[in-house]
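Trainee: Count along the sequence shown starting at 1, add 190, and that's the number in the working numbering.
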Amino acid sequence: MSTILEVRPQTTRTREAFSDANGKLERIVEEVERVIIGQTRTIRMILYALLADGHVLLEGVPGLAKTLMVSAICKAIGGEFKRIQMLPDMLPSDITGNYVFIKDRFVLEKGPIHEANFILADEINRTPPRTQSALLESMQERQITLTGGETFPLKDPFMVLATMNPIEQEGTYRLPEAQIDRFLLKIVIDYIDPENEKRMLQTKALDQRNKVASVEKVVDLEDVLSIRNEIRETVVVGDAAAEYIIAIVDETRKKTGWDEEDKTIELIRLGASPRAIFALRDMARVKAYAEGRDFVLPEDVQFVALDVLRHRIFLEFRAASRGWTPAEIVAQTLKKVKAP
């Protein structure tokens, strides 16, 4: 692997653009934190995924303010938000809409996905595979297809955030590996610490019935699109950073590892796909941009690696039964692969 990082001088225009964009990102985070306490990293990672034009899988037990967080982010950037409660009897048309016959003609009855920038698909694994596929098509193609084959483009930006409850698995449908891979990130949301819980109790905005009402719009959707385009055009992933990304993904595909008894065991059933390479690149670009740089460093890749990779690594049953987790595989991978 090359040991030379490509670092190029920043122009005055680039520095000014970065400073302006960073100010806007910080305003969004600060505004959302008026109602979401102690989840700064999660808020930032969702914003980074938005700027990388990706979708997010959120895993956490009920009551961790996932819906409030997403709706607050959406309001802070002036977007349209729709929440879909995924149910076992839900049809694809409940999401996409369809033509219905009224009096003497067919009329398009739009689904919730038509008019939204942010879709929260609550408990995505509770709905059948056919309905999951309708949602996943919209994620991949940025369009929806109705029964007759007619297609409709979706809004830009368009982002799906799907939630999963790690505790209640009865009556759920497993998400296939190919579908999980379409999510740019998987973020695991945990309980906040007692100090932040105390702050939460003392936050007046959380006493309101409509908690998101106190959140103000601080940027426009056009600002988000402008920053996203700026990142694509200006942030460079040099040869060394690219080789580092490829080496990390390749390491996740190696099947064997060492257990606590220093015996070789089969750990990984399926490693990260080529899509993970692009996901790491795109998220590392955003992280670099947020740090005020137009080039990617290894620490950018390391910062986003866990959320990019953890849902793309599938363990052998024996490894899982011994307590191994995808997060541990990612941590070991980052230790094993030498940064340039």
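The beta carbon of each residue, even a glycine, is placed where N, CA and C say it ideally should be. These numbers were taken from a predicted model, which means no experiment stands behind them.
1. Use the C-beta contact count for V251: other C-beta atoms within 10 angstroms, 16 or more gives buried, fewer gives exposed.
2. Would G228 pass as a contact of I421 if the rule is Cβ separation under 8 angstroms?
3. From which residue to which residue does the alpha helix (DSSP H) around N419 run?
4. Evaluate D484 with the Cβ neighbour count: other Cβ atoms within 10 Å of its Cβ, from every protein chain shown; 16 or more gives buried, anything less gives exposed.
5. Tell me which residues share the same chain as Q410 and place their Cβ nearer than 8 angstroms to its Cβ, disregarding the 5 neighbours each side in the sequence.
6. Quick check: what's the CA-CA separation for P366 versus E305?
7. Just checking my contact of V491 with A431 at CB under 8 angstroms: how many whole Å lie between their CB atoms?
8. Which runs of the beta strand (DSSP E) fall wholly inside the stretch 243 to 307 and span at least 3 residues, in chain order?
9. Among the candidates A509, K407, I503, I467, whose CA atom is the shortest distance from the CA of K265?
10. Could you give the distance in angstroms between the alpha-carbon of A211 and the alpha-carbon of I417?
11. Thinking C-beta only, is M329 closer than 8 angstroms to D497?
12. So which of D294, E433, D284, P319 has the shortest CA-CA distance to I303?
13. Give me, in chain order, the residues of the same chain whose beta-carbon lies closer than 8 angstroms to that of L524; leave out the 5 immediate sequence neighbours on both sides.
14. Measuring straight from C-alpha to C-alpha, what distance separates A510 and F296?
15. Please report the straight-line C-alpha distance between P464 and R399, rounded to a whole angstrom.
16. Pull up the DSSP beta-bridge partners for K376, would you.
17. Run through the DSSP bridge pairs and tell me what L460 is partnered with.
18. Do you know whose CA, among R502, L248, D472, D243, lies nearest M354's CA?
19. Considering only DSSP beta bridges, list what F485 is partnered with.
20. Let me check one thing: in DSSP terms, what residues is F342 bridge-paired to?
21. Within a Cβ cutoff of 7 angstroms, which residues of the same chain sit near T337, ignoring the five residues on either side of it in sequence?
22. Got a sec, what are the start and stop residues for the beta strand (DSSP E) V520 sits in?
23. Could you check if V222 is buried or exposed, using at least 16 other CB atoms within 10 Å of its CB as the buried criterion?
Mentor: Put simply:
1. exposed
2. Not a contact, by the Cβ cut-off of 8 angstroms.
3. 411 to 424
4. buried
5. As written in the sequence, residue 410 is Asp, which differs from the Gln given in the question. Excluding residues within five positions, the ones whose Cβ falls inside 8 angstroms are I267, G268.
6. P366 and E305 have their C-alpha atoms some 28 angstroms from each other.
7. 7 angstroms
8. 246 to 249, 271 to 275, 287 to 292, 295 to 300
9. K407
10. When rounded, the separation of the alpha-carbon atoms in A211 and I417 is 7 angstroms.
11. no
12. D284
13. I438, Q492, A495
14. The C-alpha of F296 is placed about 52 angstroms away from the C-alpha of A510.
15. Going by the C-alpha atoms only, they are around 45 angstroms apart.
16. L247
17. F504
18. L248
19. V426
20. I334
21. N288
22. Where V520 is concerned, there is no enclosing beta strand (DSSP E), although the alpha helix (DSSP H) it sits in stretches over 516 to 526.
23. buried
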